[in-house]
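Asks: In our numbering, the protein residues as written are 9 to 202.
By construction, the Cβ of each residue, glycine as well, lies at the ideal position given by its N, Cα and C atoms.
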Amino acid sequence: MPPKDSNISKLDKFLNTLRPADSTGPEQVQITARYFLTSAFKEFESIRSIIQKFEEIIVTNIKSGRNDWRIEYIYLTKSHRFVLQKLCEYYTCGYEYDQSTTVVTFFYSPLQKLQQPISDVSQPISDGIDQEVSKSIKEEPLVHPPTIFEPLLVSNENIMTEDLDDLAPGLSEYESYRPNVSMEQIQPSESRIV
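#1: Measure the CB-CB distance between threonine 113 and glutamine 38 and report whether it falls below 8 Å.
#2: Please state the DSSP three-state secondary structure of phenylalanine 90.
#3: Measuring straight from C-alpha to C-alpha, what distance separates lysine 86 and glutamate 51?
#4: Should glutamine 60 be labelled buried (16 or more other beta-carbon atoms within 10 Å of its own) or exposed?
#5: In the DSSP assignment, what are the bridge partners of isoleucine 82?
#6: Compute the Euclidean distance between the alpha carbons of arginine 89 and tyrosine 83, then round it to the nearest angstrom.
#7: Is the beta carbon of leucine 45 closer than 8 Å to that of lysine 121?
#8: Are the beta-carbon atoms of isoleucine 126 and phenylalanine 49 separated by less than 8 Å?
#9: To which residues of the same chain is valine 91 closer than 8 Å at the C-beta, ignoring the five residues directly before and after it?
#10: What first and last residue would you give for the alpha helix (DSSP H) that runs through phenylalanine 44?
#11: If we ignore side chains and look at the alpha-carbon of each, how far apart do glutamate 181 and tyrosine 103 end up?
#12: Leaving aside the five residues before and after valine 129 along the sequence, list all residues of the same chain whose C-beta is less than 6 Å from its C-beta, in chain order.
#13: In whole angstroms, give me the CA-to-CA distance for tyrosine 208 and asparagine 69.
#14: Arginine 42: buried (16+ other C-beta within 10 angstroms of its C-beta) or exposed?
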């Protein structure tokens, strides 16, 4: 018997309203990511904290100009991982994740570029693109969920992780996003942290 609607968190309902963007072009993926991030940033305090923390890390690496940056994190839930994925899509940097190890990795992409920070975006895109994106997304009222995680950063030479647990079920075994990246760029000779 499927779980009752009341047992599913409002945040999970919100995440499930987004349709897969795999049939659209890279610009549409980026626009959909921006729409999700700006909407979630305004409505969910827990997502806002994830965006603020990881957006700064991604922007710092893009600004560094290095083409060998790579950062790994252990993620907490499907929601946490999904926000990280959308940040990478918005900034067009690469990412991969593996459910068996609960690791999500951000890395250099030749297409990566600085964007207006989500935390600075207070209004939707004014050229009407957001209206088109919103047609492909079910509209549901958003309710503030409980806090997703309390991060504890642990760092060493090759990996920076968060001590997170309670992985949400239902994620694919392994997924990655590589915007036209060669294998040399995906697997740089050494991992670095900021």
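Replies: Based on what the coordinates show:
#1: One thing to note: threonine 113 has its Cβ no nearer than 8 Å to the Cβ of glutamine 38.
#2: helix
#3: Lysine 86 and glutamate 51 have their C-alpha atoms spaced approximately 18 Å apart.
#4: exposed
#5: Answer is Val111.
#6: For arginine 89 and tyrosine 83, the gap between their C-alpha atoms comes out near 6 Å.
#7: No, these two residues do not count as a Cβ contact at 8 Å.
#8: Going by C-beta atoms, isoleucine 126 is nearer than 8 Å to phenylalanine 49.
#9: Leu45, Ala48, Ile55, Ile58, Ile59 and Phe62
#10: 34–51
#11: Annotation note: pLDDT 35 at glutamate 181 (below 50); position unreliable, no value reported.
#12: Thr46
#13: The structure shown has nothing for residue 208, since the chain only spans 9 to 202.
#14: buried
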